[in-house]
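Below: one structure, written as structure tokens.
If you want it as structure tokens, here you go:
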């Protein structure tokens, strides 16, 4: 991510969606949760402590939307009930490996569909709210 998106909108082959995403992502404050990384850049700060505590603190402090990316971090936030909304972007490709996003669930997560969208390249967006 950090090697691609800072300049992705300046690439000659960048699509309009990539340009929009790169510009949005570049200015967005970011928090990296890691016990192995010691340096971050690109409008980012590093948290090496408990992710759940920091996510809850950020949510209480700001109250606005927060994007959580990465299967491991998302699983931790899901288990602790910290996710109010899921936006799932499905690309038209099948892979035979990788880290599953939803493998670590202890219980069902009931969702309500609030938005769907399709894109010309076959990508499908679905957005759900968590039913509590």
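Residue numbers (my numbering): 2 to 133. The beta-carbon is built from N, C-alpha and C at its ideal position, and this holds for glycine as well. Just so it is clear, the structure is predicted and the values come from calculations on it, not from any experiment.
The region 122–132 / the region 89–107 touching (three or more Cβ pairs under 8 Å) | yes
Assigned exposure category for residue 104 - 16 Cβ within 10 Å defines buried | exposed
Answer yes or no: do residue 56 and residue 83 have a C-beta to C-beta separation smaller than 8 Å?
-> yes
Can residue 106 and residue 131 be called in contact, C-beta distance under 8 Å?
-> no
Using CA coordinates, which residue listed in 81, 32, 49 and 37 is at the minimum distance from residue 70?
-> 32
What does a CB cutoff of less than 6 Å around residue 93 pick up in its chain, not counting 5 residues either side in sequence?
-> 123
Cutoff 6 Å; reference residue 41; Cβ partners in own chain excluding five residues on either side | 33 and 47
Reference residue 49, options 36, 108, 120 and 18, closest by Cα | Restricting attention to 36, 108, 120 and 18, the CA atom closest to the CA of residue 49 is found in 36.
What is the residue span of the alpha helix (DSSP H) that residue 22 lies within?
-> 17–28
Cβ neighbours of residue 81 in the same chain (closer than 7 Å, five flanking residues each side left out) | Only residues of its own chain outside the window of five on either side were considered, and among them 53 have a CB closer than 7 Å to the CB of residue 81, listed in chain order.
Out of 72, 73 and 115, which has the shortest C-alpha to C-alpha gap to residue 85?
-> 115
Taking all protein chains shown into account, decide if residue 18 is buried (16 or more other Cβ within 10 angstroms of its Cβ) or exposed.
-> Burial call: exposed.
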